[in-house]
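In the numbering used here, the protein residues as written are 260 to 687. The C-beta atom is built at its ideal place from N, Cα and C for all residues, glycine as well.
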Ligand SMILES: Cc1ncc(COP(=O)(O)O)c(C=O)c1O
C-alpha cells in the first residue's frame with residue numbers, strides 16, 4: 260500500500276485484498292497450516308522462507324493487523340501479543356536478561372512498574388527509576404555499563420505526565436541503547452514516538468486501539484533504526500548466532516528493520532506463547548478502523564470535562580496536559596499538538612473519602628479498572644490498580660491517594676458534565 264495519510268492507514272492499512280478476495284480481513288481460525296513436503300516446512304522453521312506453520316508464531320490475521328499498526332507508528336515491523344503486559348515484557352526481555360540493568364521512568368502504569376520492579380528483578384534484571392522530569396545529568400547518571408534499554412510512557416497512566424521523548428532518546432542513544440516508549444494513551448493518532456527518536460513502541464491495544472472494551476491485547480513496533488551491530492557487545496542475543504534457530508544471527512540476517520521483531524517472535528513468542536488470538540486481532544482491527552475519528556472525540560470530551568472541573572470549587576487540582584497552565588502543557592504542545600487523550604485525573608477536596616462519595620454517586624460514568632473505552636469510566640488508583648505501591652512510590656509516581664482517574668468516552672460532553680456536577684453535589 261502506498262504511503263497514505265494516517266487516517267487512511269487506520270481504515271485500510273495492513274490488508275489490501277486482491278481480485279475477488281474478502282473486503283474485510285479474513286479471520287484465519289486455524290492453529291496450523293498444511294504443506295506438501297517436509298522440506299517446504301523445514302525452510303520456514305529455519306527462517307529461510309516466510310510463511311505460516313503454527314499460529315503461536317504467526318497467523319495471517321494477526322500479521323495484517325500488526326502491519327497496520329506498524330504503518331500507523333511509522334515502524335518497519337510489528338507483532339501482536341496477548342496483552343499490553345506481554346508487549347512490554349517481551350520488548351524489554353528481548354534485550355535484557357539476567358545480570359543486565361534497565362532505566363525506566365518512575366511515572367508509568369502500575370502493572371508495568373510491578374513487572375519491572377518485582378518480576379523482572381526476580382529474573383536478575385536490575386532497574387533504576389528516574390523522574391520523567393529529571394535533568395539530563397540525573398538521567399545520564401542512571402545508566403550503567405550493563406544497561407540495555409530506557410523505558411517510558413508518552414502519557415503516563417494514571418499520572419498523565421508527558422515524557423520528553425527527545426530528551427530520553429538522546430540519553431539512551433548516548434549510552435548505546437534503544438528507547439522503548441509505551442504509546443498506549445496517546446496512540447499514533449496523537450503522537451508518533453519514533454519520529455521523536457524512540458526506537459521501539461509498545462501498546463496495550465486493549466485501550467484506545469480496541470476502544471470498545473472488547474479484547475485484551477498488545478503490540479510491539481520496531482522503528483527499524485537502531486543499529487544493533489554498532490553495539491554488538493551489548494546485544495549478543497541479536498548480534499551473535501542463535502543456536503536455537505540453527506545459528507541465525509538476527510541483526511545480520513534481518514538487518515535493522517527486521518531483527519528485533521524476528522527475534523522477539525522466534526524466541527519469546529515461541530517460548531512464552533503470549534499470542535493474540537486471530538479473533539481478537541479482528542476485533543482490534545475494527546477498533547483501528549475508527550481510531551482517528553474516536554481519538555478526536557475522546558480529546559474533545561476530555562477537554563470539556565477538564566475545563567469544567569478546573570473551575571469547580573470542590574476540586575483541588577486537575578491534571579490534563581491540554582489545559583494551558585498544566586505542568587505538562589509545554590510538552591503537550593510539542594509532542595501532542597492534536598490533543599492528548601480522553602483521560603483526566605483530578606483530586607477532590609476531602610481526599611480518599613470524598614473521592615469515594617463522588618464515584619459512588621455517578622450515574623453515567625461507571626467504576627471500572629479500565630480506560631480508553633467508548634463508555635466513560637473512572638477509578639481511584641491508590642485503592643485499585645496501584646494498590647501494590649507504597650505511599651512513597653505513589654508520591655514518586657505523582658499519584659495522590661485521593662486521585663480520581665476519569666476516562667472520558669464518546670458520549671455527549673454535556674451529559675458527562677451534568678453527571679459529574681450532580682455527583683460533586685453529594686460530596687460534603
Ligand atoms: C500504559 C499502559 N501500558 C500497559 C498496560 C497493560 O496492558 P494490558 O492490560 O493490555 O495487559 C496498561 C493497562 O492499563 C497501560 O495503561
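**Request:** Identify whether residue 470 lies in helix, strand or coil by the three-state DSSP scheme.
**Result:** coil
**Request:** Quick one: residues in its chain with C-beta nearer than 7 Å to the C-beta of residue 573, no 5 flanking neighbours on either side, listed in chain order?
**Result:** The beta carbon of residue 573 lies closer than 7 Å to those of 607, 608, 683 and 686 in the same chain, with the five residues before and after it left out.
**Message:** Based on DSSP bridge pairs, tell me the residues matched to residue 438.
**Reply:** DSSP, once it has assigned bridges, lists 409 as partnering residue 438.
**Prompt:** Between the stretch 330 to 341 and the stretch 607 to 622, are three or more C-beta pairs nearer than 8 Å?
**Reply:** no
**residue 323 versus residue 586: straight-line alpha-carbon distance, rounded** = 39 Å
**Prompt:** Residue range of the beta strand (DSSP E) that residue 606 falls in?
**Reply:** Following the DSSP letters along the chain, one finds residue 606 inside the beta strand (DSSP E) bounded by residues 602 to 607.
**Message:** Let me confirm a value: residue 340 is counted as buried when at least 16 other C-beta atoms fall within 10 Å, else exposed. Which label applies?
**Reply:** buried
**Request:** State the Cα-Cα distance for the pair residue 555 and residue 505, rounded to the nearest angstrom.
**Result:** 48 Å
**Item:** Limits of the unbroken beta strand (DSSP E) element including residue 665
**Value:** 662 to 666
**Asked** Does any heavy atom of ligand 1 sit closer than 7 Å to the C-beta of residue 466?
**Response** Look at residue 466: its beta carbon is less than 7 Å from one of the heavy atoms in ligand 1.
**Message:** Just verifying my parser: in three-state terms, what is the DSSP assignment at residue 671?
**Reply:** coil
**Request:** Taking residue 369 and residue 391 to be in contact with their CB atoms under 8 Å, please state how far apart those CB atoms are, rounded to whole angstroms.
**Result:** With a beta-carbon spacing of about 15 Å, residue 369 and residue 391 fall beyond the 8 Å limit used to define contacts.
**Prompt:** Is the stretch 271 to 290 touching the stretch 470 to 489, taking contact as three or more C-beta pairs under 8 Å?
**Reply:** no
**Asked** What are the start and end residues of the beta strand (DSSP E) that includes residue 628?
**Response** Careful: residue 628 lies outside any beta strand (DSSP E) and carries neither H nor E.
**Message:** For residue 638, tell me which candidate among 624, 663 and 617 has the shortest Cα-Cα distance.
**Reply:** 663
**Asked** Straight-line CA distance for residue 346 to residue 530?
**Response** 14 Å
**Burial state of residue 602 (16 or more Cβ within 10 Å)** = buried
**Prompt:** So is the beta-carbon of residue 639 under 7 Å away from any non-hydrogen atom of ligand 1?
**Reply:** no
**Item:** Cβ separation of residue 623 and residue 674, assumed to be a contact under 8 Å, to the nearest whole Å
**Value:** 6 Å
**Request:** Tell me, please, whether the stretch 395 to 410 touches the stretch 356 to 365 by the rule of three or more beta-carbon pairs shorter than 8 Å.
**Result:** Because the criterion of three Cβ pairs below 8 Å is met, the stretch 395 to 410 and the stretch 356 to 365 touch.
**Asked** Can residue 423 and residue 437 be called in contact, C-beta distance under 8 Å?
**Response** no
**Prompt:** How would you call residue 366, buried or exposed, if buried means at least 16 neighbouring beta carbons within 10 angstroms?
**Reply:** Its Cβ being crowded by 16 or more others within 10 Å, residue 366 is buried.
**Item:** Bridge partner(s) assigned by DSSP for residue 421
**Value:** 414
**Prompt:** Closer than 7 Å: is that where the CB of residue 411 sits relative to any heavy atom of ligand 1?
**Reply:** For ligand 1, not one heavy atom lies less than 7 Å from the Cβ of residue 411.
**Message:** Give me, in chain order, the residues of the same chain whose beta-carbon lies closer than 7 Å to that of residue 316; leave out the 5 immediate sequence neighbours on both sides.
**Reply:** 524, 528 and 529
**Message:** If you follow the alpha helix (DSSP H) that residue 508 is in, where does it begin and where does it stop?
**Reply:** It is not in any alpha helix (DSSP H) - residue 508 carries neither H nor E in the DSSP assignment.
**Message:** Give me the DSSP bridge partner(s) of residue 364.
**Reply:** Paired residue(s): 389.
**Item:** Contact set for residue 302: own chain, Cβ-Cβ below 7 Å, skip 5 residues either direction
**Value:** 308
**Item:** Three CB pairs or more closer than 8 Å across the stretch 509 to 516 and the stretch 486 to 495
**Value:** Taking one beta carbon from each stretch, the stretch 509 to 516 and the stretch 486 to 495 have 3 or more pairs nearer than 8 Å; the two touch.
**Message:** Is it the case that the stretch 590 to 598 contacts the stretch 552 to 568, given that we only count it when at least three CB pairs across the two stretches are under 8 Å?
**Reply:** yes
**Item:** As assigned by DSSP and simplified to three states, the class of residue 594
**Value:** helix
**Request:** Output the distance between the C-alpha atoms of residue 386 and residue 405, rounded to the nearest integer angstrom.
**Result:** 11 Å
**Message:** I want to check one thing, is the minimum distance from the CB of residue 616 to the heavy atoms of ligand 1 below 7 Å?
**Reply:** Flag unset: Cβ of residue 616 not near ligand 1.
**Message:** Closer than 7 Å to a non-hydrogen atom of ligand 1 - does that hold for the CB of residue 578?
**Reply:** no
**Request:** Would you tell me roughly how many angstroms separate the C-alpha atoms of residue 273 and residue 327, rounded to the nearest one?
**Result:** Answer to the nearest angstrom: the Cα atoms are 4 Å apart.
**Asked** Among the residues of its own chain, which have a CB less than 7 Å from the CB of residue 311, if the five just before and after it don't count?
**Response** 292, 317, 318 and 319
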